[in-house]
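K.L.:
Its first residue numbered 2, the sequence shown is counted upward by one per residue in this note's numbering. For glycine and all other residues, C-beta sits at the position ideal for the given N, C-alpha and C. Note that the structure is predicted; figures quoted are calculated from it, not measured.
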Amino acid sequence: MAYAPDWFARYPAIRRRVEVAFWVGVLALQAAFNTLVAWVDLPRVAAWQPVVWEVSSALAAGLLIPAIVVFERGVPLRWETLRTALPLHLVASVVFCVLHVAGMVLLRQAAYALVGARYGFGDWPLQLAYEYLKDVRSYALIVAALMSYRFLMLRLTGEAKLLDAPEPAPGGADAAPLPAPRPARFLVRKLRREFLVAASDIEWVQAQGNYVGLHVNGHDYLLRSTFTEFLQQLDPERFVRVHRSHAVNLDHVAEIEPLDSGDARLTMRDGSTVPCSRRHRDAIGQRGRVSPGSAAAAR
2 MAYAPDWFAR YPAIRRRVEV AFWVGVLALQ AAFNTLVAWV DLPRVAAWQP
52 VVWEVSSALA AGLLIPAIVV FERGVPLRWE TLRTALPLHL VASVVFCVLH
102 VAGMVLLRQA AYALVGARYG FGDWPLQLAY EYLKDVRSYA LIVAALMSYR
152 FLMLRLTGEA KLLDAPEPAP GGADAAPLPA PRPARFLVRK LRREFLVAAS
202 DIEWVQAQGN YVGLHVNGHD YLLRSTFTEF LQQLDPERFV RVHRSHAVNL
252 DHVAEIEPLD SGDARLTMRD GSTVPCSRRH RDAIGQRGRV SPGSAAAAR
């Protein structure tokens with residue numbers, strides 16, 4: 002099996018910090034550049050004012066980026082969904098502009114008040130239209146960056162798909178349709194290479210927007226599917242849903258740790274942990290009694 006380079010194998014542990022640092026760096030550079038331009042274009046304005054303008058704008062935009070990430074994940078821009086997704090993103094860009102302007106105005110008013118001055122935004126309808134012309138471009142660039150980042154991650158982590166179903170037998174059109182067989186293996190593409198992952202090797206799965214993350218031998222692969230549809234293709238005697246966004250292979254569960262809240266924490270054989278909600282604890286206990294692999298792991 003082909004694995005990602007060592008540096009990338011360690012990346013998931015620091016992924017969130019890298020993503021936050023990226024956006025902080027981008028917004029900081031943009032604010033610094035715009036401040037320098039304002040100093041040149043407006044030499045008679047007090048030097049602190051452009052700093053306040055740009056820093057407030059960057060802070061307000063930065064606070065909205067997590068919301069854009071969640072929205073873009075739920076409404077991805079793909080060719081097959083473009084007709085429905087694009088209008089929703091246009092509406093989202095308007096909402097982004099309104100919230101961005103409201104946030105930066107509040108920050109500017111607070112900063113001006115600290116030095117005994119008063120900040121005036123001007124004619125709101127006219128200024129909002131002007132700001133939208135800038136914010137719609139910023140929104141588009143943020144979404145483009147998110148899509149590019151996801152594409153890169155798919156190339157590096159690997160994207161899984163179901164193997165093609167076998168061709169129907171000749172003359173079998175009139176025969177009663179058989180239930181779709183559960184896939185025994187998945188085809189994974191990563192770093193321009195392809196290899197197979199056995200369904201029994203999947204330790205746990207997690208819903209990730211329009212994808213399902215397959216956790217296999219310490220590596221994560223994404224499969225384009227809804228969480229519910231994917232679980233229907235797995236062996237119900239082996240895989241059990243333990244959370245609204247997680248399911249585990251009972252053969253790979255090492256320990257079930259009850260929590261004071263009534264939920265539980267599952268420790269897998271590889272040392273990773275998976276949340277188990279209260280409503281699923283009884284189900285996993287009943288399934289676990291018929292799973293010899295899980296029982297052996299628990300002992």
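Would you tell me roughly how many angstroms separate the C-alpha atoms of P67 and T229, rounded to the nearest one?
P.N.:
The straight-line gap from Cα to Cα measures roughly 25 Å.
K.L.:
In the DSSP output, what is I257 paired with across the bridge?
P.N.:
L267, per the DSSP bridge assignment.
K.L.:
If you drop the 5 nearest sequence neighbours on each side, which residues of the same chain put their C-beta closer than 6 Å to that of A86?
P.N.:
V76, L78.
K.L.:
In chain order, what residues of the same chain lie with their CB nearer than 7 Å to the CB of W40, ignoring the 5 residues before and after it?
P.N.:
If we look at W40 and ignore the five residues flanking it on each side, its Cβ neighbours are A48, P51.
K.L.:
Enumerated in chain order, which unbroken segments of the alpha helix (DSSP H) with a length of 4 residues or greater are wholly contained in the stretch 5-55?
P.N.:
Complete alpha helix (DSSP H) runs here, min 4: 7-10, 12-42.
K.L.:
Taking all protein chains shown into account, decide if D185 is buried (16 or more other Cβ within 10 angstroms of its Cβ) or exposed.
P.N.:
The amino acid at residue 185 is misidentified as Asp; the sequence shows Ala. The residue in question, A185, is exposed, as its Cβ has fewer than 16 Cβ neighbours within 10 Å.
K.L.:
Determine whether the beta carbon atoms of H253 and C277 lie at a separation below 8 Å.
P.N.:
No, these two residues do not count as a Cβ contact at 8 Å.
K.L.:
What is the rounded straight-line gap between the Cα of L224 and the Cα of V249?
P.N.:
Near 16 Å, if we compare the C-alpha coordinates of V249 and L224.
K.L.:
DSSP state of A248, grouped into three classes?
P.N.:
A248: strand per DSSP, three-state reduction.
K.L.:
My parser needs the beta strand (DSSP E) runs of 3 or more residues fully inside the stretch 213-237; what are they?
P.N.:
Listed in chain order, the complete beta strand (DSSP E) runs (minimum 3 residues) inside the stretch 213-237 are 220-225.
K.L.:
Specify the secondary structure class of R280 as computed by DSSP and reduced to three states.
P.N.:
Three-state DSSP puts R280 in a helix.
K.L.:
Near L1, what residues of its chain come up, given a Cβ to Cβ distance below 8 Å and the 5 sequence neighbours on each side ignored?
P.N.:
There is no way to answer for residue 1, as the model of the chain reaches only from 2 to 300.
K.L.:
Only counting the same chain, and skipping five residues up and downstream in sequence, which positions put a Cβ closer than 6 Å to that of S226?
P.N.:
Contacts found: V213.
K.L.:
Helix, strand or coil for A185, going by three-state DSSP, please let me know.
P.N.:
Three-state DSSP puts A185 in coil, outside helix and strand.
K.L.:
Once the 5 residues before and after D283 are set aside, which same chain residues still bring their CB inside 8 Å of it?
P.N.:
Taken in chain order, the list of residues that qualify is empty.
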